[in-house]
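Chemist: Sharing a structure, written as structure tokens. Questions coming.
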Amino acid sequence: MGVFSAFAQMIPMENAGFEGEYVLQSGQKELKVARGWHCWWVHGPQAADGWLVRPEFYPKGFGPLWDPKQDQAQGIQSTYSTHQGGVVQAVQLPSGARELHVEVLARIYSRHNDGSGGALGTRVGLDPTGQVQDGTASTIAWGSWQSQDGGWDGREWRTLAAHLPYAHGGVVSIWLESRNRWKARDNHTWWNQASLTYEADSSPGPGPGPIELPADIEEAIAFIRAALGSLDTRLTQVEARLESGFAGVSDGLDEVLTILNGERRDPELQKEIEKGARVWDPVTEEWITSDHE
Ligand SMILES: [Ca+2]
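Here this note's numbering is used: position 62 in the sequence shown is 80, and no number is missing along the way.
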């Protein structure tokens with residue numbers, strides 16, 4: 019896992035706080051969704067018996083008693099039935115963004131008449147394809163569940179988090195999911211204060227701004243060595259490519275540019291794959307896992 023404090027930068031998203039007027043999706047009063055977000059759910063096949071019914075979406079005020087609307091959250095709920103659904107938003111990434119990290123605050127409430135719960139849980143995920151159609155897609159990298167099963171009564175806010183290594187530019191979609199296994203009387207999940215950050219490329223090199231050397235001479239030398247080292251890796255890749263020959267001149271030049279721009283699968287990414295991590299390859303646009311278990 020990366021360290022997010024040192025280089026973490028915020029990526030702007032729309033209505034990260036779930037505030038303002040809620041929008042009726044498809045004109046339906048049961049589907050009140052925070053502006054900037056879209057609702058999704060899985061329907062049936064046994065919806066008539068209360069399994070996987072379309073949930074309701076609504077704003078929930080968590081502000082002070084005299085003005086709950088000072089802090090709103092996106093709510094989703096089902097009654098005497100189960101649901102699987104949530105909200106989603108696609109976000110444009112800055113180029114050079116890597117090591118995406120999303121966090122969202124969540125609370126839940128699930129009770130049946132006998133005092134038991136509906137085994138309600140919630141999680142957040144990131145989809146590097148940026149799609150917003152399918153909440154069950156295998157391309158979504160989900161974070162872990164926070165749920166009643168894990169002993170959470172839902173009264174305090176908990177942080178949902180998900181991590182996506184090596185997304186470069188393009189669009190990513192943020193998926194929020196709520197799910198309960200039993201048809202309890204009340205099943206509510208509330209989401210608040212989303213944030214999406216990325217770890218910028220930390221290797222020193224030509225960047226948009228002027229490079230400043232550390233004042234300490236030893237540190238300055240180490241800094242320059244590190245910069246030359248990262249350049250050296252890229253030059254080795256270019257040389258290897260030149261030696262193996264190109265299929266066509268323009269294809270080859272494109273590839274050299276890609277390597278020089280650092281968008282090629284880099285040694286660090288390769289290391290993650292060899293360790294068994296499931297990582298997103300921005301060049302081929304697919305998930306890669308190592309062949310050997
Ligand atoms: Ca809020």
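Ideal Cβ positions, reconstructed from N, Cα and C, are used throughout, including at glycine.
1) Q211: beta carbon under 7 Å from a heavy atom of ligand 1?
2) Is A66 close to chain B, meaning its C-beta is less than 8 Å from at least one C-beta of that chain?
3) If you drop the 5 nearest sequence neighbours on each side, which residues of the same chain put their C-beta closer than 7 Å to that of L42?
4) Short of 8 Å in beta carbon distance, which residues of its chain neighbour H56, apart from the five on each side in sequence? Order them along the chain.
5) Would you report the Cα separation of W59 and P112, rounded to the nearest angstrom?
6) In the DSSP assignment, the beta strand (DSSP E) including M31 goes from what residue to what residue?
7) Let me know the secondary structure DSSP gives G104 once reduced to three states.
8) With distances taken Cα to Cα, identify the nearest neighbour of K293 among D299, T307, E303.
9) In terms of DSSP beta bridges, what is H130 paired with?
10) Determine, using beta-carbon pairs with one atom in the stretch 61 to 79 and one in the stretch 235 to 246, whether at least three such pairs fall under 8 Å.
11) Taking the C-alpha atoms as reference points, what is the distance between G148 and L214?
12) Let's see if you can read the secondary structure: which residues bound the beta strand (DSSP E) around G143?
13) Return yes when the C-beta of A91 is under 7 Å from any heavy atom of ligand 1, and no when it is not.
14) Using CA coordinates, which residue listed in A52, E39, G35, E303 is at the minimum distance from A185?
15) Taking buried to mean at least 16 other C-beta atoms within 10 Å of its own C-beta, is S162 buried or exposed?
16) Taking 7 Å as the cut-off, is the CB of F36 close to at least one heavy atom of ligand 1?
17) On the three-state DSSP scale, how would you describe E286?
18) Given this structure, state the Cα-to-Cα distance separating G349 from L194, to the nearest angstrom.
19) F75 and Q92: beta carbons closer than 8 Å?
20) Pull the bridge partners of G79 from the DSSP assignment, please.
21) Between the C-alpha atoms of L138 and L287, what's the straight-line distance to the nearest angstrom?
22) Identify, in the order they occur along the chain, each residue of the same chain with its Cβ nearer than 8 Å to the Cβ of G68, setting aside the five sequence neighbours on each side.
23) Use the C-beta contact count for P86: other C-beta atoms within 10 angstroms, 16 or more gives buried, fewer gives exposed.
24) Short of 8 Å in beta carbon distance, which residues of its chain neighbour S96, apart from the five on each side in sequence? Order them along the chain.
25) When you compare each of V190, N131, R125, Q110 to Q164 by their alpha carbons, which one comes out closest?
26) Going by DSSP, what residue range makes up the beta strand (DSSP E) through T157?
27) Among W170, A244, L144, N210, which has the Cα closest to the Cα of W305?
28) Would you identify the three-state DSSP class for D204, choosing helix, strand or coil?
Modeler: Reading from the atomic positions:
1) Here residue 211 refers to the residue found at position 193 of the sequence shown. Yes, since a heavy atom of ligand 1 falls inside the 7 Å radius drawn around the Cβ of Q211.
2) Protein chains in the displayed structure number just one, and chain B is not present.
3) Looking up residue 42 in the sequence shown gives position 24. Contacts found: L49, K50.
4) Locating residue 56 in the sequence shown gives position 38, counting from the first residue. Hits under 8 Å: Q43, V105, V106, Q107, V150.
5) Position 41 of the sequence shown holds residue 59. Position 94 of the sequence shown holds residue 112. The alpha-carbon separation between W59 and P112 amounts to approximately 29 Å.
6) Residue numbering aside, residue 31 sits at position 13 when the sequence shown is read from its first letter. From DSSP, M31 is part of no beta strand (DSSP E); its letter is neither H nor E.
7) Locating residue 104 in the sequence shown gives position 86, counting from the first residue. Taken through DSSP and simplified to helix, strand or coil, G104 comes out as strand.
8) Looking up residue 293 in the sequence shown gives position 275. For the residues D299, T307, E303, the minimum Cα distance to K293 belongs to T307.
9) The residue labelled residue 130 in the question sits at position 112 within the sequence shown. Its beta-bridge partners do not exist; DSSP assigns none.
10) no
11) The count along the sequence shown starts at 1 and reaches residue 148 at position 130. The count along the sequence shown starts at 1 and reaches residue 214 at position 196. Going by the C-alpha atoms only, they are around 14 Å apart.
12) On the sequence shown, position 125 is the one that residue 143 refers to. Start and end: 138 to 145.
13) Numbered from its first residue, the sequence shown carries residue 91 at position 73. Yes; taking the cut-off as 7 Å, the Cβ of A91 has a heavy atom of ligand 1 nearer than that.
14) Against the sequence shown, residue 185 aligns to sequence position 167. A185 has its Cα closest to that of E303, out of A52, E39, G35, E303.
15) For this step, residue 162 is matched to residue 144 along the sequence shown. By the neighbour-count rule (16 or more Cβ atoms within 10 Å), S162 is not buried but exposed.
16) The residue labelled residue 36 in the question sits at position 18 within the sequence shown. Under cutoff, so the answer is yes.
17) The sequence position of residue 286 within the sequence shown is 268, counting from 1. It is helical.
18) With the chain represented from 19 up to 311, any question about residue 349 goes unanswered, as that position is not in the structure.
19) On the sequence shown, position 57 is the one that residue 75 refers to. On the sequence shown, position 74 is the one that residue 92 refers to. Against a cut-off of 8 Å, the Cβ pair of Q92 and F75 comes out as a contact.
20) Sequence index remark: in the sequence shown, residue 79 carries index 61 (1-based). Paired residues: Q90.
21) For the purposes of this step, residue 138 is identified with residue 120 of the sequence shown, where counting begins at 1. For the purposes of this step, residue 287 is identified with residue 269 of the sequence shown, where counting begins at 1. L138 and L287: Cα-Cα distance of roughly 36 Å.
22) Looking up residue 68 in the sequence shown gives position 50. Hits under 8 Å: Y98, S99, T100, K201.
23) Walking along the sequence shown from the start, residue 86 turns up at place 68. Exposed, because fewer than 16 other Cβ atoms sit within 10 Å of the Cβ of P86.
24) Counting from one through the sequence shown, the residue named residue 96 turns up at place 78. So the qualifying residues of the chain are V71, P73, E74, N198, N205.
25) By one-based count along the sequence shown, residue 164 stands at place 146. Among V190, N131, R125, Q110, the Cα nearest to that of Q164 belongs to R125.
26) As a position in the sequence shown, residue 157 is number 139, starting the count at 1. If you look at T157, you'll find it isn't in any beta strand (DSSP E); DSSP assigns it neither H nor E.
27) For the purposes of this step, residue 305 is taken as residue 287 along the sequence shown, with counting starting at 1. Of the candidates W170, A244, L144, N210, the one whose C-alpha sits nearest the C-alpha of W305 is L144.
28) In the sequence shown, residue 204 corresponds to position 186, counting from 1. Strand.
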